[in-house]
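Those protein sequences? They're chains A and B, same order as listed. Under my numbering, the first sequence has 173 at position 173, and the numbering climbs by one with no breaks. Positions in the second sequence are counted from 1; adding 282 to them yields my numbering. Glycine included, every Cβ here is placed at the ideal spot set by N, Cα and C. In this text, all values refer to a predicted model and were calculated from it rather than measured experimentally. Only one structure is covered here, and it is reproduced in the block below.
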Amino acid sequence: MSIREIQAAAITDAVEQLCIQANRFLPQDIRAAEENAIAAEPWPLARTTLELLRSNLDAAADKELPICQDTGMACVFVELGQDAHITGGTLRDAVDEGVRRGYTKGYLRKSITGDPLKRQNTEDNTPAFLTVDLVPGDGCRITVAPKGAGSENMSRLAMLKPADGVQGVKDFVLETVRLAGSNPCPPIILGVGVGGSFDKCALLAKHALLRPLDKPNSDPYYAALEKELCDAINAMGIGPQGFGGATTCLGVAIEQAPTHVACLPVAVNIGCHVTRRATAEL
Amino acid sequence: MQYELHTPLTREALSVLKAGDTVLISGTVYTARDAAHGRMMELLDAGEPLPFDIRGAAIYYVGPTPERPGQVIGAAGPTTAGRMDKFTPRLLDLGLACMIGKGKRDAAVKASAVKNGAVYLAALGGAGALMAASIRSCEIIAWPDLGCEAVRRLTVEKMPLTVLLDAHGSNLYESGPAAYLQSLSAD
């Protein structure tokens with residue numbers, strides 16, 4: 001079996017480009033969902049608001065500006081083939097250098113404080129919030145998903161009782177959206193994790209936000225639950241920006257995992273109407 | 283209704299606004315968010331003056347992206363205003379007339395806004411490129427070490443905003459969804 005070599009410098013270049021691209025252009029599946037929402041929205045103020053959000057996407061592309069001034073934590077997901085070998089530096093350093101260059105050259109905001117209590121800005125948006133998965137093969141797939149704080153701050157996790165069942169999960173998801181209200185910049189996108197351990201459940205929710213909106217869960221049971229939750233959220237009337245209307249949620253993605261017989265963790269990671277991501281394969 | 287406002291703002295000019303109205307604001311707007319609010323409180327505790335005249339002023343809760351060469355400002359949409367709730371009633375009592383941001387405020391801010399005849403207006407959350415279009419100049423006037431959180435003096439021209447909390451206690455985040463849901467049951 002041969003080992004494929006991947007240069008650390010190539011990873012840095014890719015991360016740099018992905019940081020800039022993700023902050024300037026919304027993924028096509030989310031743009032399409034917003035177009036569909038404009039066409040379907042019956043409430044005039046909500047439709048006008050959605051149209052303004054679309055104008056913002058065009059203005060960002062025209063003026064080479066970020067879509068949103070909160071260019072986020074640089075959440076970087078690397079799926080690294082176990083037959084690949086990174087040379088010329090460490091993965092951690094390569095990714096951080098890509099974030100440093102992307103956020104500087106792309107005129108993106110530096111929003112990271114090096115210590116949560118001492119609150120000194122690191123000035124270059126590092127460190128990246130790096131998640132690595134070791135996968136079969138010799139590839140290297142990198143996704144940069146800049147995450148803003150307005151929606152991140154409204155995210156929640158609960159360790160439910162197994163007896164709470166699917167109804168408990170639904171109630172917690174809907175309560176989270178109700179508590180969030182206008183804060184996470186609706187229309188929102190929800191990543192929901194169900195199962196795993198305390199930490200794995202949160203990661204499931206974050207991973208769920210990476211899934212394109214036009215790809216439901218492969219298990220029909222969870223696909224139906226995604227649709228049911230999305231419809232229930234849209235019946236709340238919160239609307240775009242919280243001004244009222246039919247469009248509160250563009251999509252719900254659930255990721256599930258095995259858990260302990262005594263556990264039923266559920267995590268809800270809220271994404272805003274500019275839930276950003278960009279992917280490259282090396 | 284749509285209104286045009288010019289800074290500095292008076293109680294009289296603000297009193298006609300109702301939650302849900304749109305406002306085009308022109309003149310001077312100051313930026314301040316989390317860290318700048320913390321420092322303003324330290325100044326007030328020490329009996330020192332604030333970096334700008336707060337009476338009749340508008341504060342925009344924003345931390346813009348760096349401007350490209352030739353641009354006035356980068357993307358400049360609102361941040362979540364609720365994080366400033368702890369500091370806001372004190373500023374309203376000193377004459378702050380207008381807050382620009384997005385998201386819910388607490389009961390103390392709402393009561394203080396009514397008491398002082400102030401308003402809370404929405405800029406479009408997540409629409410940083412669009413909001414930047416009405417900003418004509420931008421100058422850092424305090425705490426450049428805070429980076430994107432430094433206090434800036436913005437000159438704005440017809441910045442498009444929506445009234446969230448009016449000076450009489452109405453709240454678009456309650457009345458807007460309620461009106462929409464009411465329209466469904468009326469069908």
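Which runs of the beta strand (DSSP E), 3 residues or longer, sit entirely within the region 368 to 421 of chain B? If you keep only unbroken beta strand (DSSP E) runs of at least 3 residues inside the region 368 to 421 of chain B, you get 380 to 383 and 401 to 404.
What residues from chain B crowd round A:Ser182, counting only those whose CB sits closer than 7 Å? Within chain B, the residues whose beta carbon sits less than 7 Å from that of A:Ser182 are Lys384, Gly385, Lys386 and Tyr455, listed in sequence order.
Given 8 Å, three or more beta-carbon pairs between the region 434 to 450 of chain B and the region 402 to 418 of chain B: With the cut-off at 8 Å, the region 434 to 450 of chain B and the region 402 to 418 of chain B touch.
What are the residues of the region 51 to 66 of chain A that lie near chain B, defined by any Cβ-Cβ distance shorter than 7 Å? Result list: Leu52, Leu53, Ser55, Asn56, Ala59, Ala60, Lys63, Glu64, Leu65 and Pro66.
Can you pull out the residues from the region 12 to 32 of chain A whose beta carbon lies closer than 8 Å to at least one beta carbon of chain B? Within the region 12 to 32 of chain A, no residue has its Cβ closer than 8 Å to any Cβ of chain B.
Give the straight-line distance between the Cα atoms of A:Cys140 and A:Ala94, rounded to the nearest whole angstrom. The C-alpha of A:Cys140 lies about 13 Å from the C-alpha of A:Ala94.
Determine which residues of the region 240 to 256 of chain A have a Cβ less than 8 Å from any Cβ of chain B, and write them out in chain order. Considering only beta carbons, the part of the region 240 to 256 of chain A lying closer than 8 Å to chain B consists of Gln241, Gly242, Phe243, Gly244, Gly245 and Ala246, in chain order.
Which of the residues in the region 391 to 425 of chain B, read from start to end, lie with their CB under 9 Å from any CB of chain A? Here the close residues are Ala404, Leu406, Gly407, Gly408, Ala409, Gly410, Ala411, Leu412, Met413, Ala414 and Ala415.
Check the C-beta distance from A:Asn217 over to A:Ile270 and give it rounded, since I have them as a contact under 8 Å. Taking 8 Å as the upper bound for CB-CB distance, A:Asn217 and A:Ile270 are not in contact here, some 18 Å apart.
Alpha carbon to alpha carbon, what distance is there between A:Ile67 and A:Ile233? Inter-residue distance for A:Ile233 and A:Ile67 is about 25 Å (C-alpha atoms, whole angstroms).
Helix, strand or coil for A:Ser155 per DSSP? The answer is coil: DSSP assigns A:Ser155 none of H, G, I, E or B.
For A:Ala59, collect the residues of the same chain with a Cβ closer than 8 Å to its Cβ; drop the 5 residues on either side in sequence, then sort them by chain order. Within its own chain, the residues whose Cβ lies closer than 8 Å to the Cβ of A:Ala59, once the five positions on either side in sequence are excluded, are Leu65, listed in chain order.
Counting only Cβ pairs nearer than 9 Å, list the residues of chain A close to B:Thr313. Simply none; closest approach about 11 Å.
If you draw a straight line from the alpha carbon of A:Ala33 to that of B:Leu325, how long is it in whole angstroms? Each residue's alpha carbon lies about 47 Å from the other.
Per-residue contacts from B:Gly364 into chain A (C-beta, under 8 Å): Ordered by position in chain A, the residues that pass the 8 Å Cβ test against B:Gly364 are Asn183.
Residues bridged to B:Ser308 by DSSP? Answer by DSSP bridge pairing, in chain order: B:His288.
In DSSP terms, what B:Thr444 is bridged to: According to DSSP, which records beta bridges pairwise, B:Thr444 is partnered with B:Thr304 and B:Ala404.
Are the beta-carbon atoms belonging to A:Leu210 and A:Phe77 less than 8 Å from one another? In this structure, A:Leu210 lies near A:Phe77, with their beta-carbon atoms less than 8 Å apart.
If contact is defined by three or more beta carbon pairs under 8 Å, each pair taking one atom from either stretch, is the region 340 to 352 of chain B in contact with the region 303 to 319 of chain B? Under the three-pair Cβ rule at 8 Å, the region 303 to 319 of chain B counts as touching the region 340 to 352 of chain B.
In this structure, how does DSSP classify A:Gly106 when only helix, strand and coil are distinguished? Coil, per DSSP.
Buried or exposed: where does A:Ala39 fall if 16 or more other Cβ atoms within 10 Å of its Cβ makes it buried? Its Cβ having fewer than 16 others within 10 Å, A:Ala39 is exposed.
Of the listed residues B:Gly407, B:Gly359, B:Asp335 and B:Pro360, nearest to B:Leu374 (C-alpha basis): Ranked by how close their Cα comes to the Cα of B:Leu374, the residues B:Gly407, B:Gly359, B:Asp335 and B:Pro360 have B:Asp335 in first place.
Coarse secondary structure for A:Asn56, derived from DSSP in three states: Here DSSP, grouped into helix, strand and coil, assigns A:Asn56 to helix.
What residues from chain B crowd round A:Ile238, counting only those whose CB sits closer than 8 Å? Residues of chain B whose Cβ lies closer than 8 Å to the Cβ of A:Ile238 are, in chain order, Pro459.
Does the CB of A:Val99 have a neighbour CB from chain B at under 8 Å? Taking Cβ atoms only, chain B never reaches closer than 8 Å to A:Val99, which makes this a no.
Please go through the same chain and pick out, in chain order, the residues whose beta-carbon is closer than 8 Å to the beta-carbon of A:Arg47, but skip the five residues on each side of it. For A:Arg47, where only same-chain residues beyond five positions count, the Cβ hits under 8 Å are Ile38, Glu41 and Gly245.
Status (buried if at least 16 other CB within 10 Å, exposed otherwise) for A:Val132: It is exposed - the Cβ of A:Val132 has fewer than 16 other Cβ atoms within 10 Å.
Of all the CB atoms in chain B, is at least one closer than 8 Å to the CB of A:Val95? False, the Cβ-Cβ gap to chain B never drops below 8 Å.
Using the Cβ count rule (16 or more neighbours within 10 Å means buried), how would you classify A:Ile188? By the Cβ neighbour-count rule, A:Ile188 is buried, with 16 or more other Cβ atoms within 10 Å of its own.
Starting from the N-terminal side, write out each stretch of the alpha helix (DSSP H) that is 4 residues or longer and does not extend beyond the region 156 to 242 of chain A. Runs of the alpha helix (DSSP H) inside the region 156 to 242 of chain A: 165 to 180, 198 to 208 and 220 to 234.
Let me see if you follow: with CB-CB separation under 8 Å, is B:Thr361 close to chain A or not? Chain A contact via Cβ: present.
Grouping DSSP H, G and I as helix and E and B as strand, with all else coil, what is B:Gly455? Position check: residue 455 of chain B holds Tyr in this sequence, whereas Gly was assumed. In the structure shown, B:Tyr455 adopts helical secondary structure according to DSSP, grouped into three states.
Please return the same chain residues whose Cβ sits closer than 7 Å to the Cβ of B:Pro371, not counting the five positions on each side in sequence. Same-chain partners within the cutoff: Ala390, Val391 and Ser394.
Tell me whether B:Leu326 sits in a helix, a strand or coil according to DSSP, three-state version. Under the three-state reduction of DSSP, B:Leu326 is assigned to helix.
With distance defined between alpha-carbon atoms, name the residue in A:Cys75, A:Leu134, A:Leu53 and A:Asn125 nearest to A:Ile86. A check of alpha carbon separations from A:Ile86 across A:Cys75, A:Leu134, A:Leu53 and A:Asn125 identifies A:Leu134 as the nearest.
For A:Ala257, the first and last residue of its enclosing beta strand (DSSP E): Counting along the chain, the beta strand (DSSP E) containing A:Ala257 begins and ends at Cys249 to Ala257.
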